[in-house]
Structure formats: structure tokens, C-alpha cells
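Have a look at the structure below, then the notes.
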Amino acid sequence: MARTFLICLVIALLVAPSVFARTHSGGAGHHTRNGTRGGHHKSGGHNKSSGGSASGLTSSKGVTAGIKGKGVTQKKSCVKSSLGYKAATELGKGLLFHWTISGSTLNGAIEAKSTSGADKGYLSVGFPSKDGLMSPSDAVVGIKGGSVTTYKLTSYTAYTSSKLTVSSSSISTIAGSLVLKFSRPAKGGVKSLNLAGKNSIIWAFSKKTKFGTHLPTDRGSKSVDLSCVF
């Protein structure tokens, strides 16, 4: 019996390291699997971070959309016309230019409100060959209580009859404002108009009825985008 006990003890001692090794190896393997799962969890954390990055991209798109939105909703260069034209713009204090494009014709009007002091004598609107310069240019001049005439301005003091054809011209008082109306073709005169873009427009007025007697402060120029429609 003692011999049997010794044999069992020897077998147990021989087998134990192997079992221990498998147990330890299994534990390590289990630990490794846990580690892998832990790593995977961390990777999941990384994916979460990627999710945050994706959220960042969404924000970026939002910013882009906002920029585009600003571009779309930016302020127009024209306002609604109170005289029934397609658009209008302010030339100076109490002075408005109204217009409608009809085919290759500009139907325009310059309005002087009573607050401008330009409703007493004459009103004029011109189309220069060079931006902002008075001459050479074609000017449409209306005298209160008188007629409408077209001139070609060659200097600050000299002017002659213009070859520009102007039609449907009139000057009258509408709701307390002096209004000079006219129609002109896009082509003709010292410079053709760009009906699809910006054009330099000059203006002048005087409380006196003699053309050319305006003060230096009673004239000006502005770039007007005729393609603008309100």
C-alpha cells in the first residue's frame, strides 16, 4: 500500500507542473483575451473620438452653409421703387434713381424729394464714357415747368445737342417730388450701357432753371447695377 501511495505521489508531482502550466497559460490566454477586449474597448473609445471628429466635420459643414447663407442673403444694391419701376437706388440725400430694363431699353427716372432741395429748378442724369467723370457724357436734363433736353457734355461749361435718342421723356411733380422720366437704348451716345451689370451714373440739380448753374455740392456720381431687381 505504501508503494501504491508513493507511485500516486510521483504521478501527482509529475502531472502538477503540466496542469499548472496549462492553468497559467489558460489564465494568460484569458488575460490576453481580456486584454484584447480591453484594447477593443479602448479602440471603441477611439471610435468614439472618431465620432467626435465626424461631429466636427458636421460643424464645419454648418460653418460653410452659414457662409453660403450670408452670400445668399447679403444686402441688395437696390430697393423697391415707389414709382412702379423694377428697382431703385439712392443717389444722394433725397435723390433716387428708378429703373426698369425692357429688352435693350433702359426706362429710367430720377426723383428729387422735397427734402432734397432739388425740386425747385432742374434735374439731370448723365451717362459718362468714364466712371465718375462729368465729360464726355450724355445728360438728360429736365427743367421744372419746362421741357426735357438731351445734351452731350464735353467739359464743365460746354455742351452740345446729344446724338443719343431719348424717348418718353417728361418732368412733373408726383406726390410732392420732382420726377424726370426718360427711356434710352442700351447702345448709342458716348458709351453703351451694360444692362446686365454696373454702370456709372452722374447727376446734378439746381434750384435755378438755367442748366449748369448747380453748386459743387449739388452733383455726384454712383455706380449702379442695372441687373438688380427688387
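Per numbering that gives the first Met the number 0, the very first residue in the sequence shown carries number 0; after that it's consecutive.
Here a beta-carbon is modelled for each residue, glycine too, at the ideal position from N, C-alpha and C.
To the nearest angstrom, report how far apart residue i and residue j are at their CA atoms.
| i | j | result |
| --- | --- | --- |
| Ile-173 | Ala-86 | 18 Å |
| Val-71 | Val-78 | Confidence in Val-71 is poor, its pLDDT being 49 and thus under 50, which makes the residue's placement too unreliable to answer from. |
| Asp-224 | Asn-198 | 6 Å |
| Ser-171 | Ala-111 | 11 Å |
| Gly-107 | Ser-167 | 10 Å |
| Asp-217 | Ser-101 | 30 Å |
| Ala-203 | Ser-80 | 20 Å |
| Lys-207 | Ala-185 | 31 Å |
| Tyr-155 | Ser-136 | 11 Å |
| Leu-179 | Ser-220 | 17 Å |
| Ser-103 | Phe-181 | 14 Å |
| Pro-127 | Thr-149 | 13 Å |
| Ala-238 | Gly-187 | As displayed, the chain neither begins before 0 nor continues past 229, which places residue 238 out of reach and without an answer. |
| Ser-134 | Lys-151 | 8 Å |
| Ser-123 | Tyr-84 | 19 Å |
| Leu-95 | Ile-200 | 12 Å |
Could you give the residue range of the beta strand (DSSP E) that holds residue i?
| i | result |
| --- | --- |
| Thr-88 | 86–91 |
| Ala-108 | 104–111 |
| Gly-125 | 121–127 |
| Ser-160 | 158–160 |
By the 10 Å Cβ neighbour count, where 16 or more other Cβ atoms means buried, how is residue i classified, buried or exposed?
| i | result |
| --- | --- |
| Val-228 | exposed |
| Ser-54 | No answer about Ser-54 holds up, because its pLDDT of 33 lies below 50 and its placement is not dependable. |
| Lys-75 | exposed |
| Ser-176 | buried |
| Thr-88 | buried |
| Ser-205 | buried |
| Thr-159 | exposed |
| Ser-222 | exposed |
| Gly-61 | For Gly-61, the predicted model reports a pLDDT of 33, less than 50, meaning its position is unreliable and no value from the coordinates is stated. |
| His-39 | Any reading at His-39 needs caution, since the residue's pLDDT is 46, under 50, leaving its predicted position unreliable; the model's value is listed next. Exposed is the call here. |
| Gly-144 | exposed |
Find the nearest neighbour of residue i within the set the options, judged by alpha-carbon distance.
| i | options | result |
| --- | --- | --- |
| Leu-105 | Tyr-121, Gly-125 and Lys-92 | Gly-125 |
| Leu-82 | Lys-92, Trp-98, Leu-90 and Gly-91 | Trp-98 |
| Gly-120 | Ile-201, Ser-191 and Gly-141 | Gly-141 |
| Asp-130 | Ser-205, Asn-193 and Thr-159 | Asn-193 |
| Ser-161 | Ser-222, Lys-143 and Arg-183 | Arg-183 |
| Leu-90 | Phe-181, Ile-109, Asp-137 and Ser-103 | Ile-109 |
| Leu-132 | Thr-148, Thr-149, Leu-122 and Thr-153 | Thr-153 |
| Lys-190 | Leu-179, Thr-164 and Phe-181 | Thr-164 |
| Gly-93 | Tyr-84, Ser-113 and Ser-146 | Ser-113 |
| Val-147 | Pro-127, Gly-196 and Ser-169 | Ser-169 |
| Gly-196 | Ser-134, Ser-128 and Ser-226 | Ser-226 |
For residue i, list the residues DSSP reports as bridge partners.
| i | result |
| --- | --- |
| Ile-198 | Note that residue 198 is Asn in the sequence shown here, rather than Ile. Answer is Val-223. |
| Val-147 | Gly-141 |
| Phe-229 | Phe-229 is not bridged to any residue. |
| Lys-180 | Ala-108 and Ser-169 |
| Leu-232 | Since the first residue shown for the chain is 0 and the last is 229, residue 232 is missing from the structure and cannot be characterised. |
| Lys-101 | First, the residue type needs correcting, since residue 101 is Ser and not Lys in the sequence shown. For Ser-101, which the question treats as bridged, DSSP gives the partners Thr-104. |
| Ser-136 | Pro-127 and Leu-152 |
| Ser-205 | Tyr-121 |
| Val-78 | Ala-87 |
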